[in-house]
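At position 26 of the sequence shown (counting the first as 1) the number is 72 in my numbering, and the numbers step up by one without a gap. The next block holds one structure in the form of structure tokens; read it before the comments.
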Amino acid sequence: MTQRSCVRCGHRRLVALAVMVGSLVMAGVPGASASEARGARPRGDGDTPTCRLAAGPYQRQVEKDLGLPQDGKQSEQDCTAIRKLQNAYGISPADGYAGLVSHRAAMADWATRHRASLTGCSGRSKRLVCVDQTHQLLWVQQNRKIVFGPVPARTGMAGHRTRNGSHKIYRRVEKFWSGLYDAAMPFSQFFDRGQALHASYRPIFEDPGSHGCVNLRYEDAKALWSLLRTGDGVTVWGTRGNN
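Shown next, in the form of structure tokens:
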């Protein structure tokens, strides 16, 4: 092999290596887009993302729910608090960005720290499941005292709305399989014409919403299964939106 051929060979190898490295880097950023990448600092050591510089569309709301100064501007303090929240709820990437997913997590976090402030749930049942669609929360009251939750929930998307009103659990199936959607629905507790409380394997804050059921994290649905019985009340109100 001549010296010129060797140089060409080395150049091709370098180009191939650069393409491979670039592919690996992009593979490490799930769901990343060019617009999302803008305004972000480079990643730190390993795969841990560093703080997003830009304020998110829900900056003020997240600041309020986390007890931060409400100026609508991203700061190191904001980023640290939001990243802590994201890690606690398994949100990826945990980059401190106040987007819709982090906003929903912040509402759930606020609710767990302010249970006495939760409103909107009323009914005659001794034990009552409360589903707040506006804030995407679920909790259980017994004799008007909260005995479970609040926990994050995901209700129906447009065209498949979870029906508001007062209901009762009429059927419970621990290992239910939906033939309609060809999907597992563990710990299903049906309350209104096929709509049920049940576990979901999807990240709880992501869109779109459900097909009408009330989705819960697996461990939350399991705990709820142990607590409730056929005949317990379920009250649903509000509307799922960009909240």
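Every residue, glycine too, gets a C-beta built ideally from N, C-alpha and C. No experiment lies behind these values; they were computed from the predicted model shown.
For residue i, which option in the options has the closest C-alpha, if you only look at C-alpha atoms?
| i | options | result |
| --- | --- | --- |
| K268 | Q235, E252, R286 and T281 | Q235 |
| R275 | D111, D141 and V186 | V186 |
| Q132 | D238, K119, L270 and H149 | H149 |
| L226 | F251, R209, C259 and F194 | C259 |
| F233 | S163, Q120, W271 and R161 | W271 |
| R218 | A230, F194 and H244 | H244 |
| R170 | G287, G277 and T285 | G277 |
| P249 | T96, V147 and E122 | V147 |
| G240 | D266, R207 and Q123 | R207 |
| R286 | E220, D238 and R209 | R209 |
Taking its Cβ as the centre, do 16 or more other Cβ atoms sit within 10 Å of residue i, making it buried, or is it exposed?
| i | result |
| --- | --- |
| T165 | exposed |
| S168 | exposed |
| T201 | buried |
| D253 | exposed |
| L273 | exposed |
| Q107 | buried |
| G113 | exposed |
| W223 | exposed |
| Y247 | exposed |
What span of residues does the alpha helix (DSSP H) with residue i cover, start to end?
| i | result |
| --- | --- |
| R173 | First-last for R173: R173 to D178, but that is the beta strand (DSSP E), not the alpha helix (DSSP H). |
Between which two residues does the beta strand (DSSP E) carrying residue i extend?
| i | result |
| --- | --- |
| L123 | Checking the displayed sequence, the identity of residue 123 turns out to be Gln instead of Leu. From DSSP, Q123 is part of no beta strand (DSSP E) but of the alpha helix (DSSP H) over E122 to A134. |
Please give the ranges of any beta strand (DSSP E) in the region 194 to 259, keeping only runs that are unbroken, at least 3 residues long and fully inside the region. Secondary structure in the region 194 to 259: the beta strand (DSSP E) runs of 3 residues or longer, each lying completely within the stretch, are 211 to 214, 217 to 224, 229 to 238 and 241 to 245 in chain order.
For the pair the region 189 to 200 and the region 214 to 233, tell me if three or more CB-CB distances fall below 8 angstroms. Pairwise C-beta distances place the region 189 to 200 out of contact with the region 214 to 233, as fewer than three of them are shorter than 8 angstroms.
Is the region 137 to 145 in contact with the region 277 to 285, if contact means three or more CB pairs nearer than 8 angstroms? Proximity of the region 137 to 145 to the region 277 to 285 falls short of the contact definition, fewer than three beta-carbon pairs being nearer than 8 angstroms.
Does the count of Cβ pairs from the region 169 to 184 and the region 120 to 139 closer than 8 angstroms reach three? Note that the region 169 to 184 does not touch the region 120 to 139; fewer than 3 beta-carbon pairs, one per stretch, sit closer than 8 angstroms.
Taking only runs of the alpha helix (DSSP H) that begin and end inside the region 263 to 287, which ones reach a length of at least 4 residues, in chain order? Whole alpha helix (DSSP H) segments, 4+ residues: 264 to 273.
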